[in-house]
Amino acid sequence: MLKRWFVLVLLLASSFVFAQQPTKPEPPPKTVYIRAGRLFDATSDNIRNNVVILVVGDRIQSVGPAQTAQIPAGSTVIDLSHATVLPGLIDCHTHLSFRADRYNEIYAFKDTPFDYAFNAVVHARKTLDAGFTSVRDVGSPPFLAVDLRNYINEGFIPGPRVVASGPAISITGGHGDLNNYSPQTRVSMFPEERDFQIADGVDQVRHVVRAQVKYGVDVIKILATGGVLSKGDSPGAPQYTLEELKTAAEEAHMAGRKIAAHAHGAQGIKNAILAGIDSVEHASLIDDEGIRLAKEHGVYLVMDIYNDDYIRGKAVEFGLPKENVEKEKMVGELQRENFAKAVKAGVKMAFGTDAGVYPHGDNAKQFYYMVKYGMTPAQAIRAATSSAADLIGRAKDVGTIEPGKYADLIAVTADPLADVRALENVGFVMKGGVVYKDMITTKLAR
Ligand SMILES: [Zn+2]
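For the sequence shown, the residue numbers in the numbering used here are 277 to 722.
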């Protein structure tokens, strides 16, 4: 009875909405011409000089040489002729709701879901201003990243496009759990942790993946080994069986979602690859066999090789416990060396930094390390553009500057192919045809 009444109200409400629809035609989409002195479009490792990009509405309509471009008088022109234009950057591993100055464990008990949401609003803007127009957010309270994605898409708050996961799925006592408190105290991540995060055995894993899909996640994140910033577990130790990981991957794929696995240890990395996981996060202690398997299965590695500096520096001042600093010392340098090995072997690599572990907005500091440990600047940039777009399943929309893609583009005044650290100073950010930051052109007709 109640249900029928509810349907009736819905019907009435929707007819009211239709009646209120204005009949006047939509205004034509805005047209903007962008003059790029140099263009790195990320379809190759090359630069093109003097290019005009035509943006209509939120998409790129054409990209062509400036000499032959027809720009009608009175058009809106953004003059980046003294800059290098690149696709908006993509970070495949962020935690927009996490703060890098809250390492004291008391916050695990004091912070509310609202605290996390406020954090995310501020960090979304910082990330966008740093030139990152898309992120894959891989771990937050349920289901903050989903709502954040929706609010950003609606235009209600500024931020990058968000590929949203739920909480990272963990075994009991694993990297995603709160460990080593008194058994006399009832400690849980949040009341519904068994629905959304903590899962043991194939049936529970299946349930949690399905429950996350039910609440709108784009991607599944699972913790396949111990971690650095958790208590009482070892980064090298596997935390799910191959069977459990296979179940998670199967369920995710059945729902049309990709799945990312956090894995530091060599065995956990191999388990993740053999289970059909799409990307291995961290991959710190990957061995030769793991590198071979990643290549053979076309699995992406997302290796966060900047944040070691921060974890062993500032994070200690912010109360990071000794246990965690010791674990970081074990994996940090090895991870960089293994990154170099994986690059050399030709494994697919996508840019991801674990932003939130270090301050949001500093994402581009990782490029320097990617080049130091074996990539060319062009390779590092493509890891954060075309390759990242492929990994997150958005290659149709983002990752390169080509007709049909969203007009997500950035500009820098220094040459990022000569010194990749140029990307630490992004002066211009456009997302979906809207300019969010412009410190390059002096006058901008908008
Ligand atoms: Zn992470």
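Idealized CB from N, CA, C, for every residue including glycine.
The structure displayed is predicted, hence computed values, not measured ones.
Using a 10 Å radius around the Cβ and a threshold of 16 neighbouring Cβ atoms, would you call residue i buried or exposed?
| i | result |
| --- | --- |
| Y383 | exposed |
| F466 | exposed |
| L287 | Note that L287 scores 48 on pLDDT, short of 50, meaning its location in the model is unreliable; the coordinates nonetheless yield the value given after this. Exposed: under 16 other Cβ atoms inside 10 Å. |
| I433 | exposed |
| D564 | exposed |
| M530 | exposed |
| Q460 | exposed |
| R612 | buried |
| E468 | exposed |
| A721 | Because the pLDDT at A721 is just 44, under 50, the model does not fix this residue reliably, and the value given afterwards should be weighed accordingly. The residue in question, A721, is exposed, as its Cβ has fewer than 16 Cβ neighbours within 10 Å. |
| E520 | buried |
| A349 | exposed |
| R486 | exposed |
| G407 | buried |
| S410 | buried |
| D630 | buried |
| P653 | buried |
| D321 | exposed |
| I347 | exposed |
Does DSSP classify residue i as helix, strand or coil?
| i | result |
| --- | --- |
| L372 | coil |
| F419 | coil |
| E557 | strand |
| V710 | strand |
| I686 | strand |
| P389 | helix |
| Y516 | coil |
| G628 | coil |
| G313 | strand |
| H529 | helix |
| V619 | helix |
| D453 | coil |
| I496 | strand |
| Y491 | coil |
| H538 | strand |
| M715 | coil |
| F408 | strand |
| N395 | helix |
| T461 | coil |
| V633 | coil |
| V504 | coil |
| I474 | strand |
| V705 | strand |
| I433 | coil |
Under 6 Å Cβ to Cβ from residue i, same chain only, skipping five residues before and after it: list those, please.
| i | result |
| --- | --- |
| M579 | A559 and F615 |
| L372 | A396, H399, A400 and D413 |
| A345 | V328 |
| A626 | C368, Y576, V578, A659, S663, A664 and L667 |
| V711 | none |
| F419 | G442 and Y491 |
| D317 | T676 and I677 |
| I553 | A525, I535 and A537 |
| L365 | G407, F408 and A660 |
| I379 | Note that residue 379 corresponds to Tyr in the displayed sequence, not to Ile. Counting only Cβ-Cβ distances below 6 Å, and skipping sequence neighbours, we find A591, F594, G595 and L596. |
| R425 | V438 and A440 |
Can you give me the Cβ contacts of residue i inside the same chain, cut-off strictly under 7 Å, excluding the 5 residues immediately before and after it?
| i | result |
| --- | --- |
| K242 | Missing from the structure shown is residue 242; the chain here goes from 277 to 722 and no further. |
| P514 | A500, T501, G541, Q543, G544 and N547 |
| I716 | L356, A359, A687, T689, G703 and F704 |
| V623 | I567, A570, K571 and L577 |
| G708 | D334, Y682, A683 and D684 |
| S291 | Interpretation of S291 is limited by its pLDDT of 48, a score under 50 that renders its predicted location unreliable; the figure taken from the coordinates is listed afterwards. So no residue of the chain qualifies. |
| V478 | E519, E520 and T523 |
| D673 | K681 and Y682 |
| P679 | I336, Q337, S338 and V339 |
Take residue i and list the residues in its own chain whose beta-carbon comes closer than 8 Å to its own, dropping the five residues that flank it on each side.
| i | result |
| --- | --- |
| S464 | L454 |
| V293 | Confidence in V293 is poor, its pLDDT being 48 and thus under 50, which makes the residue's placement unreliable; the coordinate value appears in the next sentence. Answer for V293: no residue qualifies. |
| S441 | R412, D413, V414, G415, S416, A421, Q488, V493, D494, V495, I496, K497 and A536 |
| V504 | P511, H540, I587, N600, K603, E604 and V607 |
| A656 | F627, F643, M646, V647 and V696 |
| I581 | Q611, R612, F615, Q642, Y645, M646 and Y649 |
| G574 | K624 |
| T448 | I474 and D476 |
Based on the DSSP secondary-structure assignment, which residues constitute the bridge partners of residue i?
| i | result |
| --- | --- |
| A440 | D413 |
| R324 | L315 |
| I445 | I498 |
| V308 | V331 and T352 |
Mind checking if residue i is an interface residue toward chain B, Cβ cutoff 8 Å exclusive?
| i | result |
| --- | --- |
| L454 | The displayed structure is made up of one protein chain only, and chain B is not part of it. |
Within the region 329-385, note down every full beta strand (DSSP E) run reaching 3 residues or more, in order along the chain. Within the region 329-385, the beta strand (DSSP E) runs of at least 3 residues that lie entirely inside it are, in chain order, 335-341, 352-363 and 365-370.
Just to confirm the assignment: which complete alpha helix (DSSP H) runs, minimum length 4, are found wholly within the region 545-614? Restricting attention to alpha helix (DSSP H) runs no shorter than 4 residues, the region 545-614 encloses them at 564-573, 584-587 and 590-593, ordered along the chain.
Residue ranges of each alpha helix (DSSP H) run of no fewer than 4 residues wholly in the region 642-703, ordered along the chain? List check, alpha helix (DSSP H) in window: 653-659 and 662-667.
Pocket of ligand 2 (residues with CB nearer than 6 Å to any heavy atom), chain order: Among the ligands present in this structure, namely ligand 1, ligand 2 is not found.
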